[in-house]
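Taken in sequence, the protein lines are chains A and B.
With my numbering applied, the first sequence covers 494 to 578.
With my numbering applied, the second sequence covers 1313 to 1603.
Where a beta carbon is used, it is the ideal one built from N, C-alpha and C, also for glycine.
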Amino acid sequence: MIATCGNEKSDDVLVKVDLSYKDDLKIKIESKVKKLFGRQIEKTVLKTLNELKIEKALIEIYDFGALDFVIKARLKTAISRAKGE
Amino acid sequence: MKKLRRSMLFCPANNPKMLINANLFRPDCIIFDLEDSIALSEKDSARDLLSEALKVIDYGDSEIFARINPLYTEFAEKDVEELVKSGLKNIRLPMCESKSDIETLSDMLKYYENKYEIKEGSVKIQGAIETPKGVLNSLEIATASKRMVSISFGAEDYTNSLGINRSKNRDQLIFARSQIVLSANVAGIDAIDTVYSDLSDMENFIRETSEAKDLGFAGKSCIHPQQVKEAHKIFTPSEKEVEKALRIIKEAELAEEKGLGVISVDGKMVDKPVIEKALRIVQRAKGANMV
Chain A
494 MIATCGNEKS DDVLVKVDLS YKDDLKIKIE SKVKKLFGRQ IEKTVLKTLN
544 ELKIEKALIE IYDFGALDFV IKARLKTAIS RAKGE
Chain B
1313 MKKLRRSMLF CPANNPKMLI NANLFRPDCI IFDLEDSIAL SEKDSARDLL
1363 SEALKVIDYG DSEIFARINP LYTEFAEKDV EELVKSGLKN IRLPMCESKS
1413 DIETLSDMLK YYENKYEIKE GSVKIQGAIE TPKGVLNSLE IATASKRMVS
1463 ISFGAEDYTN SLGINRSKNR DQLIFARSQI VLSANVAGID AIDTVYSDLS
1513 DMENFIRETS EAKDLGFAGK SCIHPQQVKE AHKIFTPSEK EVEKALRIIK
1563 EAELAEEKGL GVISVDGKMV DKPVIEKALR IVQRAKGANM V
């Protein structure tokens, strides 16, 4: 139920997903550019979770300057891994 | 106008920076790799990353291919489904050994094209020939499907299968390279030469690539932008060649109007094969935006 995907490298993002977290949907974002892009990162995460029909989970995002498509892809893989697919 | 495939630049599909910058050096083709350069534990993440990249990145004039995992692996079908869904138009199939490999992939493509309402037959195939069996069956591979756009040679696996070393003079590759060029020619598709992996030896890369051009290959697989630049120089006709080819075509047209047969340009006989060669040079020049 817990999985990660991505790298702590420039232009990438490390995503941690805990699907056993059943209380709510909690998103934690760490990024050097959080002030500028925090809302955009959160928007991408929420949109991806919505597409994947995930309503409850703990999502941790450690961003290293990733573009939206990278965040989406890494989150998708981490969720798939957490589901054991 | 026929697309040029002078360079096919390999790019690992799990590296965001490389996915973003892949067409910076304007290769004719980019091959995003899901096979050898990706660790088994990251096959899923590379596939997801490439699928998302294909949906949003504009690679301009570069033709995009993905090298999927071999059909005998558990990853191949998932690669095909995700990439077709993302709009990929060209798949490089590694380790092709017979026409049944192409037929299997073609059936898989047909199924997913229909499932995702994509025009049937729109995804094309490049067959990578990397074993002695593949070389001997290269004609049936090249002609196995209307989806085929090219066949390529992989010298590392080929020499490995034979239990021999790949030398710098390439003597042991001459039969395989020639056979692949002939098979592609009969099928009316492109032949793409193997990668040259010693990045420190540009001199021998240039020699190997010039030889590939002389054998009849349409382009070279590359692993570094510097190789792309050299491959383009080699596979692009020179201005002198283009100027001469245009003159031959013009003279031939005039001769036809006058009802003349064989003509002479620069003191040399010009007949049908020479005219056809001139037309091919002009076609390549057009592809390279020279005329």
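Would you mind giving the Cβ-Cβ distance between residue i and residue j, rounded to the nearest angstrom? I have them listed as a contact below 8 Å.
{"i": "residue 1368 of chain B", "j": "residue 562 of chain A", "result": "5 Å"}
{"i": "residue 1430 of chain B", "j": "residue 1457 of chain B", "result": "Rounded, the Cβ-Cβ distance is 16 Å, inconsistent with contact."}
{"i": "residue 1594 of chain B", "j": "residue 1561 of chain B", "result": "7 Å"}
{"i": "residue 1672 of chain B", "j": "residue 1434 of chain B", "result": "The requested residue 1672 of chain B is not part of the displayed model; chain B covers only 1313 to 1603."}
{"i": "residue 1388 of chain B", "j": "residue 1455 of chain B", "result": "No, residue 1388 of chain B and residue 1455 of chain B are not in contact; Cβ-Cβ is about 22 Å, not under 8 Å."}
{"i": "residue 1535 of chain B", "j": "residue 1509 of chain B", "result": "6 Å"}
Assuming residue i is part of the beta strand (DSSP E), what are its boundary residues?
{"i": "residue 499 of chain A", "result": "495-499"}
{"i": "residue 1438 of chain B", "result": "1436-1441"}
{"i": "residue 1603 of chain B", "result": "Residue 1603 of chain B -> no beta strand (DSSP E), and no H or E assigned at all."}
{"i": "residue 1462 of chain B", "result": "1460-1465"}
{"i": "residue 1379 of chain B", "result": "1375-1379"}
How is the alpha helix (DSSP H) around residue i delimited, first residue to last?
{"i": "residue 572 of chain A", "result": "561-575"}
{"i": "residue 1427 of chain B", "result": "1411-1427"}
{"i": "residue 1360 of chain B", "result": "1355-1368"}
{"i": "residue 1498 of chain B", "result": "1486-1499"}
{"i": "residue 1345 of chain B", "result": "No alpha helix (DSSP H) holds residue 1345 of chain B; the beta strand (DSSP E) holding it covers 1341-1345."}
{"i": "residue 1348 of chain B", "result": "Neither: residue 1348 of chain B is in no alpha helix (DSSP H) and is coded neither H nor E."}
Give the straight-line distance between the Cα atoms of residue i and residue j, rounded to the nearest whole angstrom.
{"i": "residue 527 of chain A", "j": "residue 499 of chain A", "result": "18 Å"}
{"i": "residue 1552 of chain B", "j": "residue 560 of chain A", "result": "46 Å"}
{"i": "residue 1558 of chain B", "j": "residue 1448 of chain B", "result": "38 Å"}
{"i": "residue 1484 of chain B", "j": "residue 1532 of chain B", "result": "18 Å"}
{"i": "residue 468 of chain A", "j": "residue 571 of chain A", "result": "Because chain A here runs from 494 to 578, residue 468 of chain A falls outside it and cannot be looked at."}
{"i": "residue 503 of chain A", "j": "residue 1325 of chain B", "result": "16 Å"}
{"i": "residue 511 of chain A", "j": "residue 1323 of chain B", "result": "32 Å"}
{"i": "residue 1601 of chain B", "j": "residue 577 of chain A", "result": "50 Å"}
{"i": "residue 1469 of chain B", "j": "residue 1587 of chain B", "result": "39 Å"}
{"i": "residue 1339 of chain B", "j": "residue 514 of chain A", "result": "46 Å"}
{"i": "residue 1316 of chain B", "j": "residue 1530 of chain B", "result": "8 Å"}
{"i": "residue 565 of chain A", "j": "residue 1319 of chain B", "result": "31 Å"}
{"i": "residue 535 of chain A", "j": "residue 1393 of chain B", "result": "28 Å"}
{"i": "residue 1525 of chain B", "j": "residue 558 of chain A", "result": "42 Å"}
List the residues that DSSP assigns as beta-bridge partners of residue i.
{"i": "residue 1533 of chain B", "result": "B:1320"}
{"i": "residue 523 of chain A", "result": "A:555"}
{"i": "residue 1580 of chain B", "result": "B:1577"}
{"i": "residue 1403 of chain B", "result": "B:1378 and B:1437"}
Item to check | Contact the stretch 1566-1575 of chain B vs the stretch 1539-1555 of chain B: 3+ CB pairs below 8 Å | outcome: no
Checklist entry - With contact counted as at least three CB pairs below 8 Å, one residue from each stretch, are the stretch 1353-1372 of chain B and the stretch 1413-1422 of chain B in contact? => result no
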